[in-house]
Amino acid sequence: MTLKIALVGNPNCGKTTMFNDLTGSSQYVGNWPGVTVEKKEGKLKGHKNSLITDLPGIYSLSPYTLEEVVSRNYLLNDYPDAIINLIDGTNLERNLYLTTQIIELGIPVVLAINMMDVVKKNGDRINVQQLEKEFGCPVVQTSAVKGVGSKEAAYKAIELAEKGEALVPKPIFSKPIEDTLETISALIHEQVDPIRSRWYAIKYFERDEKVLAAHSLPDHVLKNAETTIREAEDRMEDDSESIITNERYEYIEQIVRHSVHRHEKKLTISDRIDRVVTNRFLSLPIFIAIIWFVYYVSVTTLGSIVTDWTNDTLFGTWVTEGATNLLNAIGTADWLNDLIVDGIISGVGTVLGFVPQMMILFFFLSILEDSGYMARVAFIMDRLFRRFGLSGKAFIPILISSGCGVPGIMATRTIENDHDRRMTIMLTTFIPCGAKMVIITMFVATFFHHSSWVAPTMYLLGIAMIAFSGIILKKTKMFAGEPAPFVMELPAYHLPSLKGVWIHVWERSKHFIVKAGTIIFIACGLIWFLSSFGWNLRMVEDVDHSILAGLGNTISWVFAPLGFGSWKGTVATISALVAKENAISSLAVLNGVADEENTRAVIAGIGSMFTSVSALSFMLFNLFNPPCFAAIGATSREMGGIKWTIFALGYQVLLGYSLGFVTYQLGSVLFLGQSFGFGAALALVIIVIAIYLLVRPAPAANKMILDRGQHAGA
Amino acid sequence: MKTLKEAKPGETVVVARVNGKGALRRRIMDMGITKGTQLFIRKIAPLGDPVEINVRGYELSLRKMEAESIELV
Numbered sequence: 001m002t003l004k005i006a007l008v009g010n011p012n013c014g015k016t017t018m019f020n021d022l023t024g025s026s027q028y029v030g031n032w033p034g035v036t037v038e039k040k041e042g043k044l045k046g047h048k049n050s051l052i053t054d055l056p057g058i059y060s061l062s063p064y065t066l067e068e069v070v071s072r073n074y075l076l077n078d079y080p081d082a083i084i085n086l087i088d089g090t091n092l093e094r095n096l097y098l099t100t101q102i103i104e105l106g107i108p109v110v111l112a113i114n115m116m117d118v119v120k121k122n123g124d125r126i127n128v129q130q131l132e133k134e135f136g137c138p139v140v141q142t143s144a145v146k147g148v149g150s151k152e153a154a155y156k157a158i159e160l161a162e163k164g165e166a167l168v169p170k171p172i173f174s175k176p177i178e179d180t181l182e183t184i185s186a187l188i189h190e191q192v193d194p195i196r197s198r199w200y201a202i203k204y205f206e207r208d209e210k211v212l213a214a215h216s217l218p219d220h221v222l223k224n225a226e227t228t229i230r231e232a233e234d235r236m237e238d239d240s241e242s243i244i245t246n247e248r249y250e251y252i253e254q255i256v257r258h259s260v261h262r263h264e265k266k267l268t269i270s271d272r273i274d275r276v277v278t279n280r281f282l283s284l285p286i287f288i289a290i291i292w293f294v295y296y297v298s299v300t301t302l303g304s305i306v307t308d309w310t311n312d313t314l315f316g317t318w319v320t321e322g323a324t325n326l327l328n329a330i331g332t333a334d335w336l337n338d339l340i341v342d343g344i345i346s347g348v349g350t351v352l353g354f355v356p357q358m359m360i361l362f363f364f365l366s367i368l369e370d371s372g373y374m375a376r377v378a379f380i381m382d383r384l385f386r387r388f389g390l391s392g393k394a395f396i397p398i399l400i401s402s403g404c405g406v407p408g409i410m411a412t413r414t415i416e417n418d419h420d421r422r423m424t425i426m427l428t429t430f431i432p433c434g435a436k437m438v439i440i441t442m443f444v445a446t447f448f449h450h451s452s453w454v455a456p457t458m459y460l461l462g463i464a465m466i467a468f469s470g471i472i473l474k475k476t477k478m479f480a481g482e483p484a485p486f487v488m489e490l491p492a493y494h495l496p497s498l499k500g501v502w503i504h505v506w507e508r509s510k511h512f513i514v515k516a517g518t519i520i521f522i523a524c525g526l527i528w529f530l531s532s533f534g535w536n537l538r539m540v541e542d543v544d545h546s547i548l549a550g551l552g553n554t555i556s557w558v559f560a561p562l563g564f565g566s567w568k569g570t571v572a573t574i575s576a577l578v579a580k581e582n583a584i585s586s587l588a589v590l591n592g593v594a595d596e597e598n599t600r601a602v603i604a605g606i607g608s609m610f611t612s613v614s615a616l617s618f619m620l621f622n623l624f625n626p627p628c629f630a631a632i633g634a635t636s637r638e639m640g641g642i643k644w645t646i647f648a649l650g651y652q653v654l655l656g657y658s659l660g661f662v663t664y665q666l667g668s669v670l671f672l673g674q675s676f677g678f679g680a681a682l683a684l685v686i687i688v689i690a691i692y693l694l695v696r697p698a699p700a701a702n703k704m705i706l707d708r709g710q711h712a713g714a
Numbered sequence: 001m002k003t004l005k006e007a008k009p010g011e012t013v014v015v016a017r018v019n020g021k022g023a024l025r026r027r028i029m030d031m032g033i034t035k036g037t038q039l040f041i042r043k044i045a046p047l048g049d050p051v052e053i054n055v056r057g058y059e060l061s062l063r064k065m066e067a068e069s070i071e072l073v
C-alpha cells in the first residue's frame, strides 16, 4: 500500500526546497488537472511506496483563496496518511496559526521547524520539547536549504502513518467557547466523521460557507446551532470568526512565550537591504535598472551571442552539413534528405536556437523570484497597476510571461480576487514571450536593420496594450467592481540556492525543448510535406503549386486587409498558433532554407514576402492575437469556464486584428504613398472608438455590479 | 476612531478591532492582525500606497483602503 504524506505550510517557508530534497530526481510537476490544483507529487527517495504531495503554500484553512480551498479539499477528501507541517522558525507566531488548524483534521502530524540555521544565527532558541508537549506531535528541526533534517521529518511521518493513530486535538480556546463547541459537536455528531467532530464544530461555529454547503444538515439542527453561536457571540461581544481567530493567536502567543527565547533584535541584513530597495526615492530607479540589466544581458548581449552561435554555427553549419554528409553516405532518397535537412533540421533548429537565450532569461527571473524581490516589485508597482484595474501582484505573471506565457498564466494563482486574476490571465500574454522574441528578432533583422528601437518598442507596446486593455475592460460588465484586497507578506530576503534556481530554469526550459522535439517537429514535417507535394501527391518544383498553397489561398482573404494575404503569410500565422516560434520555422521551411547561411537565407525569403509596413502588421498581429495552443490551454484551465475562455480569446483576436489592420492601412498611406481609401478611413474609425472606450466614464449600471463583485469575492 | 490609514511611518499602534466582512476581513485577521496586536508602521510605498507594517515579527503590505478597516486603540 502506498503511504500518502502531505507537505503543508505557509508560502515561503521552504516547502518546495524540502520537497525537492525528499523526492530528488523522481519528482515531477503534476499534470495540472482542471482548475483544481498545482500540487506536486513525487516518490520519497529510497521509499518507492511513499508518495509526497507538495500543497500550495497557505496561511490558513479558511474557505476564501483558491490555494486554501485546494489544500483544504486535498486534506479533507484525499485522507493523506500523515502531514508534515513545515514551519518557518524565524516567524513562529504566524506559522503556528496554521498549525492550530491542521492538528484539528484528525490526521497524524509532524511539525518540522525549518530555517533552523537562520534561527541559530540570530541567536534565538526554540524549546522543542515544550512544543511537542503543547501540540502533542513530534517536532523535528530542519534546514531544508542545507539538506538537514528533511529525511528525519519524512521518516517520522512514515512511522506515524504506519501506526495510523490520529492526533487528538487539545482544547485551546477559552472555557465559554469550548463549551459552545461541545454543544455544536453534539448537535452535528451524526452527520460528520467522528474523528473530525472538533474540526467541523469549529467550522460550523465560524459559519464556514463551504462546509455549510457541503453538508445538508436538518433545519432544526442548523437552527439550534445558530442559537448557540448567537449566544456565544453576544457574550463575547464579537462575531464568531473573530473570536476563533483571536483566541488561536492568543493561544499561540502564550506557547511562543514559553518555548522561544529570542535574542535581542538588531537590524537584520534583510531589513538593511529593504531600506535601500524600497526606499521612497531609490526604489523606482533601482527597479528600472534591474529590469533593464536582465533584458540587456539575456536579450541583447550574452543572449544574442549564444543564439547567433546556435543558429548559425551549431544548426546552420555543423548539424546541417553533418546530416547532409551522413545522408549522402548512406545514400538515402533525395526526398528524404529534403525532408530531414530542409524540413525538420531547419525548422526545429531555428526554434532550438533560442533555447539558450531563454534559459538565461529564466535564470535571472528565478533569482528575482527566489530572493524575495518580486514581492517588493508588487509593493512598488501596486499603485500604478491599480489604475489599469490590475493588482501589483499582476506584475509578477507579466514578468514571467516575458519568458513563457504558460508559467506566467499559472503564476496568476497568487491573485486572490477572481476579477483581477482573470484580467491578468487575459492580458499577461501581451508581453512578448521568448517564442515571440524569435519573431521579433527575425523581423528586426530583415526589415529594421539599423534600428535598435523596434524590439524594446514591442515590449513597451505590450505594456501599453495591457494598460489600455485594463482600463477599457474594467468598464465592461464582466470586470466592473472594486480592485481586490492587497494583503501580502513581504518575505525576508534570502540568497537563492543555485539548485533551486536551476530546477526553476530547467522546468521552464524543458517545456520548450520538448515542444521543439514534438509539436514543432511534427509541424515542420507536415508543412514540408504539404509544401513539397501537389494535390496529385507528386513533388512539385514550384511551391506555389503545392497543397499548402492551395489551402493557404482559400483563407488568405482573412489576412488581406492586414497586408499579408499571401498564402505563405497565412500558413505562417496559422502554424504560429501551434507554437509562436513556428511562424519563423514555417517561413524557413517555406523558403527552402538549409544552407550554410541559414539566417541570411531566411531573411532573404521573408524579405521577399513583405513590405516594411506589412511586416510590421504581421508582427503585431502575431504578437497580440491569442498565444500558442499551450498558453490557450493554460488560459482555459485557469479561467475556469468556457465563457471566460471565449471572451479572453475573442478579445485577443480583436485586439491583434485591429492593431494589424490600423498599422497596415494607415502605414500604407503614410509611408508607402498609397491613396487614402476605405481601409484607411475604417482604421481611423477604429482609433476613434479605442479612444472613446479609453476615456468614457464607467457606466452607472456598474454600481450594482460593484456590490455583486464584492460578494463574489467574499 | 483612528484607523491604521491615519497612522504615520515610524509609529507603533495597537489594534482595537477589524471592520468589514468576508474574505478581506478574514484575510487580515488570518495574517495576525487581531484585537490587541501591536503594529509598527514601517514605510509607505514610493507612489504613496500601499503601506508596509511589521506585525508579529514579519513584514506585511496592505493598501490604505484596507488599512482603513483596521481600528486602533
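If you read the sequences in order, they're chains P and C.
The numbering of the first sequence is UniProt numbering, which starts it at 1 and goes up by one.
The numbering of the second sequence is UniProt numbering, which starts it at 1 and goes up by one.
Using N, Cα and C, we set each Cβ at its ideal position, and we do this for glycine too.
Just so you know, these numbers come straight off a predicted model, no measurement behind them.
Pair within 8 Å by beta-carbon distance, residue i and residue j
i	j	result
residue 378 of chain P	residue 392 of chain P	yes
residue 115 of chain P	residue 89 of chain P	yes
residue 501 of chain P	residue 367 of chain P	yes
residue 26 of chain C	residue 64 of chain P	yes
residue 217 of chain P	residue 188 of chain P	yes
residue 682 of chain P	residue 665 of chain P	yes
residue 694 of chain P	residue 415 of chain P	no
residue 204 of chain P	residue 372 of chain P	no
residue 1 of chain C	residue 71 of chain C	yes
residue 106 of chain P	residue 177 of chain P	no
residue 355 of chain P	residue 513 of chain P	yes
Among the options, nearest to residue i - alpha-carbon criterion
i	options	result
residue 247 of chain P	P:175, P:684 and P:409	P:175
residue 33 of chain C	C:44, C:54 and C:64	C:54
residue 69 of chain P	P:413, P:528 and P:556	P:413
residue 101 of chain P	P:153, P:152, P:177 and P:169	P:169
residue 139 of chain P	P:331, P:113, P:441 and P:365	P:113
residue 167 of chain P	P:554, P:99 and P:341	P:99
residue 172 of chain P	P:199, P:557 and P:440	P:199
residue 631 of chain P	P:621, P:618, P:645 and P:619	P:645
residue 258 of chain P	P:269, P:225, P:281 and P:134	P:134
Listed by chain order, chain C residues near residue i by CB distance under 7 Å
i	result
residue 249 of chain P	32 and 34
residue 612 of chain P	Those within 7 Å of residue 612 of chain P in chain C number zero; the least Cβ separation is about 39 Å.
Chain D residues whose Cβ lies nearer than 7 Å to that of residue i
i	result
residue 13 of chain C	As a matter of chain content, chain D is missing from the structure shown, whose protein chains are P and C.
Proximal chain C residues relative to residue i, where beta-carbon distance stays under 8 Å
i	result
residue 278 of chain P	43, 45, 46 and 52
residue 245 of chain P	26, 29, 30 and 34
residue 73 of chain P	Under the 8 Å cutoff, chain C gives no residues; its nearest Cβ is about 17 Å from residue 73 of chain P.
Chain P residues whose Cβ lies nearer than 9 Å to that of residue i
i	result
residue 28 of chain C	485 and 487
residue 10 of chain C	Near residue 10 of chain C there are no residues of chain P at all, since even the closest Cβ is about 13 Å away, more than 9 Å.
residue 6 of chain C	The contacting residues do not exist; residue 6 of chain C stays about 18 Å from chain P at best.
residue 66 of chain C	485, 486 and 487
Residue i beta carbon near the ligand MN (any heavy atom closer than 7 Å)
i	result
residue 398 of chain P	Ligands displayed in this structure: none; no statement on the ligand MN is therefore possible.
Contact set between residue i and chain P, taken where Cβ atoms lie within less than 7 Å
i	result
residue 24 of chain C	485
Where residue i meets chain P, residues with beta-carbon distance less than 8 Å
i	result
residue 60 of chain C	487, 488, 489 and 490
residue 74 of chain C	Past the boundaries of the shown model lies residue 74 of chain C; chain C is included only from 1 to 73, so the question cannot be answered.
Chain C residues whose Cβ lies nearer than 9 Å to that of residue i
i	result
residue 131 of chain P	Those do not exist, as residue 131 of chain P stays about 17 Å from chain C at its closest Cβ, beyond 9 Å.
(Q) What ranges does the alpha helix (DSSP H) occupy inside the stretch 188 to 228 of chain P, keeping only unbroken runs of at least 4 residues that lie completely in it? (A) With a minimum length of 4 residues, the continuous alpha helix (DSSP H) runs that stay inside the stretch 188 to 228 of chain P are 197 to 205 and 209 to 214.
Q.
Contact between the stretch 398 to 410 of chain P and the stretch 423 to 440 of chain P is defined here as three or more beta-carbon pairs at a separation below 8 Å; is this criterion met?
A. The stretch 423 to 440 of chain P and the stretch 398 to 410 of chain P touch, with three or more beta-carbon pairs separated by less than 8 Å.
**Q.** At least 3 beta-carbon pairs within less than 8 Å: the stretch 72 to 88 of chain P vs the stretch 2 to 16 of chain P
**A.** Cβ pair count under 8 Å is three or more, so yes.
Q: For the stretch 379 to 387 of chain P and the stretch 483 to 499 of chain P, state whether three or more C-beta atom pairs, one from each stretch, are separated by less than 8 Å.
A: As far as the Cβ criterion goes, the stretch 379 to 387 of chain P touches the stretch 483 to 499 of chain P, which means the pair count is three or higher.
Q | Uninterrupted alpha helix (DSSP H) stretches inside the stretch 480 to 531 of chain P (no shorter than 4 residues) | A | Taking 4 residues as the minimum length, the alpha helix (DSSP H) runs contained wholly in the stretch 480 to 531 of chain P are 498 to 517, in order along the chain.
**Q.** the stretch 576 to 586 of chain P touching the stretch 617 to 631 of chain P, judged by at least three CB pairs closer than 8 Å
**A.** A contact exists between the stretch 576 to 586 of chain P and the stretch 617 to 631 of chain P.
(Q) Assess contact between the stretch 92 to 106 of chain P and the stretch 250 to 265 of chain P, defined as three or more Cβ pairs (one per stretch) separated by less than 8 Å. Is contact present? (A) The answer is yes - the stretch 250 to 265 of chain P touches the stretch 92 to 106 of chain P, with three or more Cβ pairs under 8 Å.
**Q.** 4-residue-minimum alpha helix (DSSP H) runs that sit fully inside the stretch 357 to 397 of chain P, ordered along the chain
**A.** The stretch 357 to 397 of chain P contains these whole alpha helix (DSSP H) runs: 373 to 387.
Q) So, do the stretch 1 to 13 of chain C and the stretch 32 to 50 of chain C have three or more beta carbon pairs nearer to each other than 8 Å? A) Yes, they touch.
Q. Counting Cβ pairs, one atom from each stretch, are 3 or more of them under 8 Å apart for the stretch 633 to 641 of chain P and the stretch 655 to 665 of chain P?
A. No, the stretch 633 to 641 of chain P is not in contact with the stretch 655 to 665 of chain P.
Q) In chain order, which beta strand (DSSP E) runs of at least 3 residues are fully inside the stretch 271 to 349 of chain P? A) As far as the stretch 271 to 349 of chain P is concerned, it has no whole beta strand (DSSP E) run of at least 3 residues.
(Q) Threshold first: 3 residues or longer. Then list the beta strand (DSSP E) segments lying entirely within the stretch 434 to 486 of chain P, N to C. (A) Counting only runs of 3 or more, we get nothing.
Q) For the stretch 120 to 155 of chain P, which segments carrying the alpha helix (DSSP H) assignment without a break, of at least 4 residues, lie completely within its bounds, in sequence order? A) Runs of the alpha helix (DSSP H) inside the stretch 120 to 155 of chain P: 128 to 135.
Q: Any chance you could list the beta strand (DSSP E) runs of at least 3 consecutive residues sitting entirely within the stretch 573 to 638 of chain P, in chain order?
A: Taking only runs of at least 3 residues, no beta strand (DSSP E) segment lies wholly in the stretch 573 to 638 of chain P.
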